[in-house]
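**Student:**
Number of protein chains: 2
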Amino acid sequence: MATQNPDTPADAPRIDPLTLEVVELIGAVVARYYEEYDVAAGKHALTGAQARVLGLLSLEPMPMRRIAQKLKCEPSNVTGIVDRLEARGLVERRPDPADRRVKLAAPTEEGLSTARSLRESLDFAREPLAELSHTERESLRGLLRRMLGT
Amino acid sequence: MATQNPDTPADAPRIDPLTLEVVELIGAVVARYYEEYDVAAGKHALTGAQARVLGLLSLEPMPMRRIAQKLKCEPSNVTGIVDRLEARGLVERRPDPADRRVKLAAPTEEGLSTARSLRESLDFAREPLAELSHTERESLRGLLRRMLGT
DNA sequence: TATTGTTATACTCTATAACTATA
DNA sequence: TATAGTTATAGAGTATAACAATA
Chain L
1 MATQNPDTPA
11 DAPRIDPLTL
21 EVVELIGAVV
31 ARYYEEYDVA
41 AGKHALTGAQ
51 ARVLGLLSLE
61 PMPMRRIAQK
71 LKCEPSNVTG
81 IVDRLEARGL
91 VERRPDPADR
101 RVKLAAPTEE
111 GLSTARSLRE
121 SLDFAREPLA
131 ELSHTERESL
141 RGLLRRMLGT
Chain C
1 MATQNPDTPA
11 DAPRIDPLTL
21 EVVELIGAVV
31 ARYYEEYDVA
41 AGKHALTGAQ
51 ARVLGLLSLE
61 PMPMRRIAQK
71 LKCEPSNVTG
81 IVDRLEARGL
91 VERRPDPADR
101 RVKLAAPTEE
111 GLSTARSLRE
121 SLDFAREPLA
131 ELSHTERESL
141 RGLLRRMLGT
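Those protein sequence lines, which keep their order, are chains L and C. Under full-length UniProt numbering, the first residue of the first sequence carries the number 1, and numbering increases by one thereafter. Under full-length UniProt numbering, the first residue of the second sequence carries the number 1, and numbering increases by one thereafter.
Written out as structure tokens, the structure reads:
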């Protein structure tokens with residue numbers, strides 16, 4: 001074992017400074033991502049959870065159960081989130097002809113256009129990435145893919 | 001203007017496929033980051049907000065007001081979060097000799113060791129990055145810095 | 001019996017507004 | 001009067017448990 005500076009916590013030496021900095025940068029990206037997402041949702045007077053569900057449904061209507069799986073939360077929570085979206089006229093519940101237990105949540109016309117507008121106001125897609133050239137984006141894509149084990 | 005596939009929404013053409021994929025990859029990183037953070041916090045029976053505050057204080061004790069600034073939330077919320085950490089014996093409130101209005105929140109010994117353990121269980125720092133070579137990490141660092149305008 | 005969605009309950013986080021004790 | 005922290009209140013998200021309708 002190497003001699004440690006007494007100021008250095010016991011767990012610190014296991015991560016080299018470069019890795020630590022990359023982790024901090026990823027943390028900054030995550031923080032910025034969430035911030036921009038909430039701002040975009042707020043512009044439409046939606047909470048983060050509501051915006052996420054609306055975004056999901058704008059791709060494809062689905063049973064309440066599946067929304068919960070996508071959100072990684074309990075199905076009982078989805079009831080309230082969809083209730084609020086439905087009260088605002090952005091989403092509606094339809095019966096599933098194949099199984100009368102199931103309710104399919106689907107966006108209304110207004111819900112669809114809100115979801116589209118939400119996607120557009122997600123500046124995160126353009127602004128930070130605008131700094132990078134095409135080649136750099138390819139490089140970033142490759143590194144992120146490897147990180148995620150894709 | 002280029003001819004569009006009728007299946008393509010009106011907002012899609014503004015982002016090229018490469019950028020879109022990078023954005024999706026960043027979204028995946030963000031999701032994974034949050035997941036691992038919550039799992040790590042949960043191992044210590046802490047909520048995300050509590051873990052974040054404890055992590056902050058483990059670096060440096062600070063006034064309630066400043067915690068709110070760091071968390072980007074209202075000061076009134078910090079009262080409750082610190083209350084719960086204090087009830088668990090992980091944090092304590094100390095008077096500020098310089099200004100009797102101020103209360104300094106500081107981790108206890110147990111709080112410090114919990115914070116250390118929390119940091120260690122944040123596998124995100126090591127596992128995904130372990131896939132990348134030193135050179136690749138340097139490259140990733142550069143790209144992230146440019147993205148964030150650092 | 002098992003599954004889908006809901007309700008009831010309790011806890012945490014959040015913002016707003018009003019309060020207290022200092023400055 | 002201005003500031004730091006708190007309290008009170010209300011809304012939203014979360015998990016757990018129990019329930020009705022349907023499979």
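For every residue, glycine included, the Cβ atom is placed at its ideal position computed from N, Cα and C. Quick caveat, the model's predicted, so the values are computed rather than measured.
1. So C:V39 packs on C:L85, CB below 8 Å; how close in whole Å?
2. Any chance the region 131 to 144 of chain L sits against the region 143 to 150 of chain C, with 3 or more Cβ pairs inside 8 Å?
3. Could you give the C-beta distance for L:R137 and C:V102, rounded to a whole number, given that I count them as a contact under 8 Å?
4. L:S117: which of L:L57, L:L71 and L:K43 sits nearest, CA to CA?
5. If we define contact as Cβ-Cβ less than 8 Å, is L:I81 a contact residue for chain C?
6. Using a 10 Å radius around the Cβ and a threshold of 16 neighbouring Cβ atoms, would you call L:P13 buried or exposed?
7. At what residues does the alpha helix (DSSP H) containing C:E109 begin and finish?
8. If you drop the 5 nearest sequence neighbours on each side, which residues of the same chain put their C-beta closer than 6 Å to that of L:A49?
9. How long is the line joining the alpha carbons of L:T150 and L:K70, rounded to whole angstroms?
10. Does the region 27 to 39 of chain L come within contact of the region 85 to 100 of chain L, defined as at least 3 CB pairs closer than 8 Å?
11. Is the beta carbon of C:L104 closer than 8 Å to that of C:R88?
12. Below 6 Å CB to CB, which residues in the same chain sit around C:S58 once its five sequence neighbours on both sides are set aside?
13. Taking the alpha carbon of residue 157 of chain C as the reference point, which residue from L:R119, L:M147 and L:P75 has its own alpha carbon closest?
14. Could you spell out the range, first to last residue, of the beta strand (DSSP E) harbouring C:A91?
15. Flag this pair as yes or no: are the beta carbons of L:A68 and L:E60 separated by less than 8 Å?
16. Around the Cβ of L:P17, are there at least 16 other Cβ atoms within 10 angstroms (buried) or fewer (exposed)?
17. Looking only at its chain, what residues have a beta carbon closer than 6 Å to the beta carbon of C:T47, apart from the 5 residues adjacent to it on each side?
18. What separation, rounded to the nearest whole angstrom, lies between the Cα atoms of C:A31 and L:P128?
19. Quick check on the DSSP output: the alpha helix (DSSP H) that includes L:D38 runs from which residue to which?
20. Would the beta-carbon of L:M147 fall within 8 Å of that of C:V29?
21. Report buried or exposed for C:A45, applying the criterion of at least 16 other Cβ atoms within 10 angstroms of its Cβ.
22. Please compile the residues from chain L whose C-beta is within a distance smaller than 8 Å of the C-beta of C:V22.
23. Taking only three categories from DSSP, how would you classify C:G149?
24. Note the first and the last residue of the continuous alpha helix (DSSP H) segment covering C:E86.
25. Helix, strand or coil for L:K103, going by three-state DSSP, please let me know.
26. Note down, in chain order, every chain L residue with its Cβ under 7 Å from the Cβ of C:A28.
**Tutor:** On the basis of the coordinates in this document:
1. Their Cβ separation, rounded to whole angstroms, is 19 Å, which puts C:V39 and C:L85 out of contact at 8 Å.
2. yes
3. The Cβ separation is near 47 Å, so there is no contact.
4. L:K43
5. no
6. Residue confidence is low: L:P13 scores 47 on pLDDT, short of 50, so the model does not pin down where it sits. Its coordinate-derived value is still stated next. By the neighbour-count rule (16 or more Cβ atoms within 10 Å), L:P13 is not buried but exposed.
7. E109 to S121
8. I81
9. 19 Å
10. no
11. no
12. P107, L112 and A115
13. What the structure shows of chain C is the stretch from 1 to 150, and residue 157 of chain C is not part of that stretch, so it cannot be assessed.
14. What sits at residue 91 of chain C in the sequence shown is Val, not Ala. Residues V91 to P95.
15. no
16. exposed
17. none
18. 19 Å
19. P17 to K43
20. yes
21. exposed
22. L129, R137, L140, R141 and L144
23. coil
24. P75 to A87
25. strand
26. L148
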